[in-house]
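Trainee: In the working numbering, the protein residues as written are 100 to 247.
One structure follows; several queries about it will come next.
Following this line, the structure appears as structure tokens:
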């Protein structure tokens, strides 16, 4: 393999920014469970980087969603990234896995970023399916509008 053919090597880090010890299975799944039991949930954003570039996967959520959804922040995603030496204001590439509130909030913390998102996900989050409460629940309208 020649030098020009070498593959880039990246490091991948999970950055925990929130924890909800009070979640139940019903809160994590679409359908109710008659035998509801605790099911705590941690929240992460991801850093993929090497010496040449940095990608962030998902932007998490901030104070407003934290209060609205009774999910305590340990720190904002931007603060968690700063602990890894990543300044969210300087990030150029953000990959949004999907547009649920805990993956696509906090977009304003990435003013220089190009957001990479599947067209089908944007179509879903802005389309007819959003007429139903069950499909609206994991989305925040303001977050969706900010990405439009």
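Cβ atoms here follow ideal geometry from the backbone N, Cα and C, with glycine treated the same way.
Report back the beta-carbon spacing between residue 198 and residue 164 to the nearest angstrom; my notes put them in contact at under 8 Å.
Mentor: Actually they do not touch by this definition, with Cβ atoms about 13 Å apart.
Trainee: Alpha carbon to alpha carbon, how far is residue 213 from residue 227? Give it in angstroms, no decimals.
Mentor: The alpha-carbon atoms of residue 227 and residue 213 are separated by roughly 26 Å.
Trainee: Pick helix, strand or coil for residue 105, following the three-state DSSP scheme.
Mentor: In the structure shown, residue 105 sits in coil (DSSP, three-state: anything other than H, G, I, E or B).
Trainee: Quick one: give me the first and last residue of the beta strand (DSSP E) that residue 140 is part of.
Mentor: Segment 140-148, the beta strand (DSSP E) holding residue 140.
Trainee: In the stretch 188-217, which residue ranges form an unbroken alpha helix (DSSP H) of at least 4 residues, counting only runs that do not cross its ends?
Mentor: DSSP runs (the alpha helix (DSSP H)) wholly in the stretch 188-217: 200-203.
Trainee: Assign residue 162 to one of three DSSP states: helix, strand, or coil.
Mentor: Note: residue 162 maps to helix in three-state DSSP.
Trainee: My output table needs one value for residue 167: the three-state DSSP class, helix, strand or coil.
Mentor: Here residue 167 sits in helix by DSSP.
Trainee: Going by DSSP in three states, residue 219 sits in which element: helix, strand or coil?
Mentor: Here residue 219 sits in helix by DSSP.
Trainee: Whole-angstrom Cβ separation of residue 180 and residue 136, contact assumed at under 8 Å?
Mentor: In fact, because the Cβ distance is near 33 Å, the residues do not count as touching under 8 Å.
Trainee: In terms of residue numbering, what span does the alpha helix (DSSP H) encompassing residue 181 cover?
Mentor: 176-182 is the extent of the alpha helix (DSSP H) around residue 181.
Trainee: Could you check whether the stretch 150-161 touches the stretch 204-219, counting it as contact only if at least three pairs of C-beta atoms, one from each stretch, sit closer than 8 Å?
Mentor: A contact exists between the stretch 150-161 and the stretch 204-219.
Trainee: Within a Cβ cutoff of 7 Å, which residues of the same chain sit near residue 123, ignoring the five residues on either side of it in sequence?
Mentor: Around residue 123: 135, 136, 137 and 138.
Trainee: What is the residue span of the alpha helix (DSSP H) that residue 234 lies within?
Mentor: Looking at the DSSP string, the run of the alpha helix (DSSP H) that includes residue 234 is 232-235.
Trainee: For residue 120, does the three-state DSSP call read helix, strand or coil?
Mentor: Residue 120: coil per DSSP, three-state reduction.
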